[in-house]
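Trainee: Residue numbers (this note's numbering): 8 to 149. Note that beta-carbon positions come from the ideal geometry of N, C-alpha and C, so glycine has one too.
Put into structure tokens, the structure is as follows:
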């Protein structure tokens, strides 16, 4: 039965990934215009020659006046998680990884900001995801 489910899922994999890629780019473009967001790290926003596509995973750095924990906690559609490639949208603040890693921390070694938040855009409606992010930014920026 599991092989059947795998084969059935493979038939729609390309469609799902393309939708997630387009939705993620739409969300990233919207976030780029928000004053609460200092930086959007999405390869589709730059002029990258030879780039044939992106994915649904990207990150943002929140401005200094934004409470990162409150932002993540007030999101309703984005669930806290570290997976990638699934059907649901996820959020993961880098500060959680920084705290859990202990004394030696590769995130610190690579200069990852504690204000960085990783987003995975799932199959939900991008307009609804944007509305969720908007209410999260509004709540966290006060």
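Please confirm whether residue 82 and residue 103 have their CB atoms less than 8 Å apart.
Mentor: In the chain shown, counting from the first residue as 1, residue 82 sits at position 75. In the chain shown, counting from the first residue as 1, residue 103 sits at position 96. It is not a contact, given that the beta carbons lie outside the stated cut-off.
Trainee: Starting from residue 34, trace the alpha helix (DSSP H) both ways and give me its first and last residue.
Mentor: Here the question's residue 34 lines up with position 27 in the chain shown. That run of the alpha helix (DSSP H) goes 9-39.
Trainee: If we call anything under 8 Å between Cβ atoms a contact, is residue 33 one with residue 133?
Mentor: Residue 33 sits at position 26 when you count from the first residue of the chain shown. Residue 133 sits at position 126 when you count from the first residue of the chain shown. Contact flag set, yes.
Trainee: Am I right that residue 47 and residue 58 are in contact with their C-beta atoms under 8 Å? What's the rounded C-beta distance?
Mentor: Numbered from 1 along the chain shown, position 40 holds the residue referred to as residue 47. Numbered from 1 along the chain shown, position 51 holds the residue referred to as residue 58. With a Cβ gap of about 16 Å, residue 47 and residue 58 do not count as contacting.
Trainee: Is the distance from the Cβ of residue 75 to the Cβ of residue 122 below 8 Å?
Mentor: Here the question's residue 75 lines up with position 68 in the chain shown. Here the question's residue 122 lines up with position 115 in the chain shown. In this structure, residue 122 lies closer than 8 Å to residue 75 by Cβ.
Trainee: Could you name the residues of the same chain whose beta carbon sits closer than 8 Å to that of residue 86, not counting the 5 residues immediately before and after it, in chain order?
Mentor: Here the question's residue 86 lines up with position 79 in the chain shown. The residues are 95, 96, 97 and 98.
Trainee: Given that a residue counts as buried once 16 or more other Cβ atoms are within 10 Å of its Cβ, and exposed if not, what is residue 8?
Mentor: For the purposes of this step, residue 8 is identified with residue 1 of the chain shown, where counting begins at 1. That one is exposed.
Trainee: Among 135, 13 and 70, which one has its Cα closest to the Cα of residue 40?
Mentor: On the chain shown, residue 40 is found 33 positions in, with the first residue counted as 1. Among 135, 13 and 70, the Cα nearest to that of residue 40 belongs to 70.
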